[in-house]
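Peer 1: A single structure is presented below for examination.
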Amino acid sequence: MGRGYIVDDSVEKYLVSLQTASLSSLTDIYQFQTPQKAKSESDPSERKPVHSLCDIDTEWVTQHAKQVSWTLPGGLSVLGVFLITPPDLEKEAQNTLRRLVFSVEKLISKGRLWSLNEDDVSERVGLHICSKTRRAVCRTFDVQDAKSSAKPADWKYQHGVSDSWLVLKCSVELHVRFPTPDITLENLEKSTKVSLQKWGNQIESSICLVNGVRVSSDSELISGQKKNTKAFPSNLRQGLQPEEVRTCASVQVCGGVLALRGVVHCRAYIHSNKPKAKQAAEALKRDIMNTVSYRTEMFFEDLLMSEADGERGILGRVL
């Protein structure tokens, strides 16, 4: 028996709308259609049909998946990729989906600051839909095993799937300084990634308070609460572990410093019948780390674009 997925019926309506519009579309399993390339923005009648799935631009798809992952709150992630094809391309679909699923996961996990645990699911979805029969075939791939083969999975639609999800909110003040030995874009980006990973480790080991109270990791969040309670305010408290406490000052050569300051407003969802404090803390911490990591990556992308445009003084202004 393979894995089963309960999907909100709004996703079904979205997929049907794509087929009704007679589109051959490749997108992430998320309610955004993949942006079409500039050359396809011309008259639809001039678009050439895809005769082989090998023509799909993998980089274009993975970059879109990466951008989608940036918009997701805690507790949600890119589940996989779906492909809508005519019957004559059905045989190619499985290999294409496998290639895209692994490529998407590789890019998304590249800048991840948190570590996977035993409760994390390593399977991702490849959903194929025939544009003629509208038959959907769902398969999963274990992205932790490069040699894994496709496994059949159940795909069912249901109304109001997300109505019962628990919402968690948290605001974290951020004041982190990243020293860099030399004020160059390459060294700055490298040292920032190292410093971000250290900061991420501190966030993972921090203490999460639910409604201002520290509770055990196995405690149920809705225990003693009203059944219609859906939102919980939370707080994070960072504490140093004994091995992290230094008895002397740490000295290093520093040519510049990048400072991140502000407030990160986090929002996370728990889709479990019996949500526990451990799940809440994990979802919030990952949302915090993802937000800071993505914003930092966007910052360096802007620096690269500015440098390419000849704005040489930008590093001096931000350091």
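Per my numbering, the sequence shown starts with residue 14, numbered consecutively. For glycine and all other residues, C-beta sits at the position ideal for the given N, C-alpha and C.
Roughly how many angstroms separate the alpha carbons of Glu217 and Glu118, rounded to a whole number?
Peer 2: 22 Å
Peer 1: Could you tell me the alpha carbon to alpha carbon distance between Leu110 and Thr75, rounded to whole angstroms?
Peer 2: Leu110 and Thr75: Cα-Cα distance of roughly 12 Å.
Peer 1: Is Lys182 helix, strand or coil by DSSP?
Peer 2: strand
Peer 1: Note down, one range per segment and in chain order, each beta strand (DSSP E) of at least 3 residues found wholly within the stretch 61-127.
Peer 2: 93-98
Peer 1: Output yes or no for whether 9 Å exceeds the beta carbon distance between Leu174 and Asp22.
Peer 2: Rather than Leu, the amino acid found at residue 174 in this sequence is Val. Against a cut-off of 9 Å, the Cβ pair of Asp22 and Val174 comes out as a contact.
Peer 1: Note down, in chain order, each residue of its chain lying with its Cβ closer than 6 Å to the Cβ of Pro48, except the 5 sequence neighbours on either side.
Peer 2: Low local confidence applies: a pLDDT of 49 at Pro48 is under 50, so the model's placement there is unreliable, and no value is given.
Peer 1: For Asp132, which residues of its own chain have a beta-carbon under 6 Å away from its beta-carbon, when the five flanking residues on both sides are left out?
Peer 2: none
Peer 1: Classify Gln292: buried if its beta carbon has 16 or more other beta carbons within 10 angstroms, exposed otherwise.
Peer 2: Result: buried.
Peer 1: Mark Ala78 as exposed unless 16 or more other C-beta atoms lie within 10 angstroms of its C-beta, in which case mark it buried.
Peer 2: buried
Peer 1: For the beta strand (DSSP E) that contains Glu136, what are its first and last residues?
Peer 2: Glu136 to Cys143
Peer 1: Assign Thr33 to buried or exposed, taking buried as 16 or more other Cβ atoms, counted over all protein chains shown, within 10 Å of its Cβ.
Peer 2: exposed
Peer 1: Which value, in whole angstroms, describes the spacing of the CA atoms of Glu136 and Cys67?
Peer 2: 24 Å
Peer 1: Should Glu72 go down as buried or exposed, given a rule of 16 or more other Cβ atoms within 10 Å for buried?
Peer 2: exposed
Peer 1: Flag this pair as touching only if the stretch 164-171 and the stretch 135-155 have three or more C-beta atom pairs under 8 Å; answer yes or no.
Peer 2: Yes, they touch.
Peer 1: Grab me the residues of Met318's own chain with a C-beta within less than 7 Å of its C-beta, minus the 5 sequence neighbours each way, in chain order.
Peer 2: When the five nearest sequence neighbours on each side are left out, no beta carbon in the same chain lies closer than 7 Å to the beta carbon of Met318.
Peer 1: Does DSSP classify Asp300 as helix, strand or coil?
Peer 2: Correct three-state label for Asp300: helix.
Peer 1: Would a C-beta distance cut-off of 9 Å place Glu233 and Lys289 closer than the cut-off?
Peer 2: yes
Peer 1: Please classify Ile220 as buried or exposed, where buried requires at least 16 neighbouring CB atoms within 10 angstroms.
Peer 2: Ile220 should be labelled exposed.
Peer 1: Tell me, please, whether the stretch 176-190 touches the stretch 91-99 by the rule of three or more beta-carbon pairs shorter than 8 Å.
Peer 2: Cβ pair count under 8 Å is below three, so no.
Peer 1: Please work out which residues of its chain come closer than 8 Å, Cβ to Cβ, to His172, disregarding the five sequence neighbours upstream and downstream, and give them in chain order.
Peer 2: Asp21 and Asp22
Peer 1: Identify every residue that forms a DSSP beta bridge with Trp168.
Peer 2: Tyr18
Peer 1: Please report how far the alpha carbon of Phe313 lies from the alpha carbon of Val138, in whole angstroms.
Peer 2: 31 Å
Peer 1: May I ask which residues mark the beginning and end of the alpha helix (DSSP H) holding Thr153?
Peer 2: Following the DSSP letters along the chain, one finds Thr153 in no alpha helix (DSSP H) but inside the beta strand (DSSP E) bounded by residues Ala149 to Asp155.
Peer 1: Please identify the residue among Gly124, Ile142, Asp231 and Arg227 whose C-alpha is closest to the C-alpha of Thr205.
Peer 2: Gly124
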